[in-house]
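Structure first, then comments.
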Ligand code: COA
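Residue numbers (UniProt numbering): 1 to 333.
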């Protein structure tokens, strides 16, 4: 469903700052990633989103394209980040149709609530494969294009290793606008403290954070930046719907537990994305940008706060009452 601008972007950004830039995004039909891409498209970028579900991905691409008249947004379905071939084909299509890749958002993720006692080796492996291997796969395949973009777009004053022996406090010339060669991984905060029923996800997100840091170190000299955005509890997202009973009931007690007193908005993740991909983020790499209203610091290990162990952890009963509960065998996604 087309969104009003104020729902996915602040008014502080100037139209056209991403003109002629291309963003490639995994998990692009999810609530958070689609808002990130929509904001970039609004500000001038073209985009390619990929996902497993063909119809959902194509529909979301059309929807995102409404953010700016004349934009090109490809939606390529049947792409699983665990499958290198499908990913490679989509990257090739993106480059062929849109001319390259300047920005990568690695957002595809798997999640469900399960205590370790109910987590089979295959369940754990599924999340490792989607999150860690999937992020690695798309990084490897996109990097040649990101390096080319950094070389093409980054002005000499913003490129590394070009500074004279007596560093000046300001660039020697105005930077040419619009950097390229940037990566954002969508991670989380749960591994900062640990969280019951999220062992698999905490391990996966810690791995993604490590991947991002190492990409920043190895590709910084080539002008590529790599950063994490770690969203907190964001209202209206599939993630919160799958994972939070309180989200389903409206979150009345949230104000008591989150320093900023509310759930986040998807627009706040999109704004952070614009910052990191814009010239305002030229010297930010290897960083973790937490956008959570301060939630993880007071959560006491729980997105809901006021943590008490749920009965089913102690009794071994199945998790019930949330969309992310265990599926019956044979049930479709
Ligand atoms: N509790 C415990 N185990 C679960 C589970 C749950 N709620 N949901 C799935 N599993 C297990 C399955 O039983 C299976 O293990 P098994 O072979 O030992 O039985 C394993 O996880 C893989 O499940 P499957 O459904 O075959 O994997 P998939 O690749 O089709 O799906 C998931 C991957 C499990 C991560 C699925 O939740 C998914 O596709 N999520 C995508 C959307 C998403 O999570 N978005 C996150 C937004 S925050």
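Glycine included, C-beta positions come from ideal geometry on N, C-alpha and C.
- Residue range 22-26 is occupied by the beta strand (DSSP E) that includes residue 26.
- Residue 73 sits close to residue 47, with the two beta carbons spaced by under 7 angstroms.
- Within the segment 37-77, the complete alpha helix (DSSP H) segments of 4 residues or longer fall at 54-65, listed in chain order.
- With contacts defined as CB atoms closer than 7 angstroms, residue 98 and residue 142 fail to qualify as a contacting pair.
- For the pair of segments examined, the segment 284-303 was found not to touch the segment 23-41: the number of CB pairs separated by less than 8 angstroms stays below three.
- Along the segment 190-238, the beta strand (DSSP E) occurs as fully enclosed runs of 3 or more residues at 225-231, listed in sequence order.
- Proximity of the segment 127-145 to the segment 195-211 meets the contact definition, three or more beta-carbon pairs being nearer than 8 angstroms.
- At a Cβ-Cβ threshold of 7 angstroms, residue 154 and residue 223 count as neighbours.
- Counting other Cβ atoms within 10 Å of its Cβ, residue 12 stays below 16 and is therefore classed as exposed.
- In the three-state scheme derived from DSSP, where H, G and I count as helix and E and B as strand, residue 9 is classed as coil.
- Judged by the Cβ position, residue 120 qualifies as a neighbour of the ligand COA at the 6 angstroms threshold, a heavy atom of the ligand being closer than this.
- Fewer than three pairs of CB atoms, one per stretch, sit closer than 8 angstroms, so the segment 117-126 makes no contact with the segment 63-77.
- Where residue 183 is concerned, there is no enclosing alpha helix (DSSP H), although the beta strand (DSSP E) around it starts and stops at 182-186.
- Measuring C-alpha to C-alpha distances from residue 315 to each of 29, 115, 86 and 170 identifies 115 as the nearest.
- One thing to note: residue 9 has its Cβ within 7 angstroms of the Cβ of residue 42.
- With a cut-off of 6 angstroms, the C-beta of residue 245 is classified as distant from the ligand COA, since no heavy atom of the ligand falls inside that distance.
- Under the three-state reduction of DSSP output, residue 313 falls in the helix class.
- Ranking 30, 18, 16 and 270 by CA distance to the CA of residue 1 puts 30 first.
- Taking the Cα of residue 25 as reference, the smallest distance to any Cα among 91, 63, 5 and 112 is reached at 91.
- Judged by DSSP secondary structure, residue 277 falls within the alpha helix (DSSP H) whose first and last residues are 266-277.
- When secondary structure is reduced to three states using DSSP, residue 106 falls in the strand class.
- Assignment of beta-bridge partners to residue 288 by DSSP yields 228.
- Cβ contact annotation for residue 263 (same chain, cutoff 7 angstroms, sequence separation greater than five): 233, 234, 235, 251 and 254, in chain order.
- A Cβ-Cβ separation of about 7 angstroms places residue 231 in contact with residue 186 under the 8 angstroms criterion.
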